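**Student:** Position in the sequence shown counted from 1, then plus 111, gives you the working numbering.
A virtual CB, placed ideally from N, CA and C, is assigned to each residue, including glycine.
Given the structure is predicted, the values throughout are model-derived calculations rather than measurements.
Sending over a structure as structure tokens; questions will come in a sec.
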Amino acid sequence: MALTLTMADLADITPYEGENLSASWTDTERDEVGLQAQAYLCVLLKYDAVTNWATMNAVYKIILTEYVARSVAMAGIAFNLSTVGATFSSLIEPEDMIQLHIYRLENIEKLIRESDKNDFIRTT
112 MALTLTMADL ADITPYEGEN LSASWTDTER DEVGLQAQAY LCVLLKYDAV
162 TNWATMNAVY KIILTEYVAR SVAMAGIAFN LSTVGATFSS LIEPEDMIQL
212 HIYRLENIEK LIRESDKNDF IRTT
């Protein structure tokens, strides 16, 4: 199955996933988590950014894409931690990767909350 996300595609997501993902983490799971992240951003923006994606400000779309991509990657890293030892050298490695994503997601959320929402929805 190919991803059906509006705000991010596989090329956006895979750099954040790292090299040691479980082989059972599929596009179906990526899609589900990505749809949830997109919905969360729409609520945070109080604007249907998915439906209006094509008309949104291109620079701000980069930030929203990063948010969705990191959300999906974080879920993928945490998806099957029973592979520690087989794919990850220790539990510290995936935990550190997840913490990095959490830090960035929190900062993006702060940026959205503190910005003028109209900056995000203006067309380019």
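Cutting at 6 Å between CB atoms, please list the residues of its own chain near residue 128, excluding the five before and the five after it.
**Tutor:** Same-chain partners within the cutoff: 184, 187.
**Student:** When the Cα atoms are used, what is the spatial distance from residue 125 to residue 227?
**Tutor:** Straight-line Cα distance between these residues: approximately 30 Å.
**Student:** So, are the CB atoms of residue 123 and residue 176 less than 7 Å apart?
**Tutor:** Yes.
**Student:** Would you tell me roughly how many angstroms separate the C-alpha atoms of residue 192 and residue 218, rounded to the nearest one?
**Tutor:** So the two alpha carbons sit approximately 26 Å from each other.
**Student:** Please report the straight-line C-alpha distance between residue 141 and residue 151, rounded to a whole angstrom.
**Tutor:** Rounded to the nearest angstrom, the two C-alpha atoms are 15 Å apart.
**Student:** For residue 212 and residue 115, I'd like the C-alpha separation in whole angstroms.
**Tutor:** Their Cα atoms are separated by approximately 22 Å.
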